[in-house]
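Participant: Please read through the structure below; I'll follow up with questions.
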């Protein structure tokens, strides 16, 4: 019996060249603040980051990440004036991922990624270009499903904003962050046969 269970577990732990998966993550952020002067603010954002990956070997994946995010901020000043700001961003990214097996069904991975985003609705319409190198871990639940966690890693971001009033802003950021920029996602293997 133990040999049979071990055989099933190792069968699930494999990736094959040509495997195709869809996955991604979803983010929701809500922040409210009140101050004594009196004034208050609230912000919320929703981020949707699906991804589509294709195994070019039994441990290497290339893929695309379409992105969309919505942001809304409402501030009430001490003069009881309400200021509302909204924007919608969208973009595309490319990634490569290399898996390193640890034990049956459990993998560590390293993922370099390039992203481009643009604000379509909102003030100033900044453009964003980002590069990252992130570590992560995956657990293969069965032949069709896998859960994963990605840590922030090493990040370079460049944002260019043209406000339309002869003012331009450049913002460059390099960071190493394994704490605050984490994500958890789920992966579904499209063409993997149940084993």
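In UniProt numbering, the protein residues as written are 1 to 195.
Glycine included, each C-beta is placed from N, C-alpha and C at the ideal position.
Return helix, strand or coil for residue 184, following the three-state DSSP convention.
Facilitator: If DSSP states are grouped into helix, strand and coil, residue 184 belongs with the strands.
Participant: What separation, rounded to the nearest whole angstrom, lies between the Cα atoms of residue 99 and residue 109?
Facilitator: Whole-angstrom Cα-Cα distance: 4 Å.
Participant: Looking at residue 54: is its Cβ nearer than 8 Å to the Cβ of residue 188?
Facilitator: No; because the gap between Cβ atoms is not below 8 Å, this pair is not in contact.
Participant: So what's residue 15 in DSSP terms, helix, strand or just coil?
Facilitator: DSSP places residue 15 in coil when its eight states are reduced to three.
Participant: When you compare only the Cα positions, how much space is there between residue 168 and residue 52?
Facilitator: Approximately 35 Å, taken between the alpha carbons.
Participant: Any chance you could list the beta strand (DSSP E) runs of at least 3 consecutive residues sitting entirely within the stretch 63–138, in chain order?
Facilitator: Listed in chain order, they are 82–103, 106–121.
Participant: For the beta strand (DSSP E) containing residue 48, name the first residue and the last one.
Facilitator: 39–55 is the extent of the beta strand (DSSP E) around residue 48.
Participant: Relative to the alpha-carbon of residue 154, which residue among 119, 176, 147 has its alpha-carbon at the smallest distance?
Facilitator: Ranking the options by Cα distance to residue 154, first place goes to 176.
Participant: In angstroms with no decimal places, state the Cα-to-Cα distance between residue 56 and residue 107.
Facilitator: Their backbone Cα atoms lie some 17 Å apart in a straight line.
Participant: How would you write the range of the beta strand (DSSP E) that residue 173 sits in, first residue to last?
Facilitator: Looking at the DSSP string, the run of the beta strand (DSSP E) that includes residue 173 is 168–177.
Participant: Can you look up residue 31 in the DSSP assignment and give me helix, strand or coil?
Facilitator: In this structure, residue 31 counts as strand in the three-state DSSP scheme.
Participant: Can a CB atom of chain B be found closer than 8 Å to the CB of residue 18?
Facilitator: No chain B appears in the structure shown, which is made up of a single protein chain.
Participant: I'd like to check one pair, residue 111 with residue 74: are the Cβ atoms closer than 8 Å?
Facilitator: No, these two residues do not count as a Cβ contact at 8 Å.
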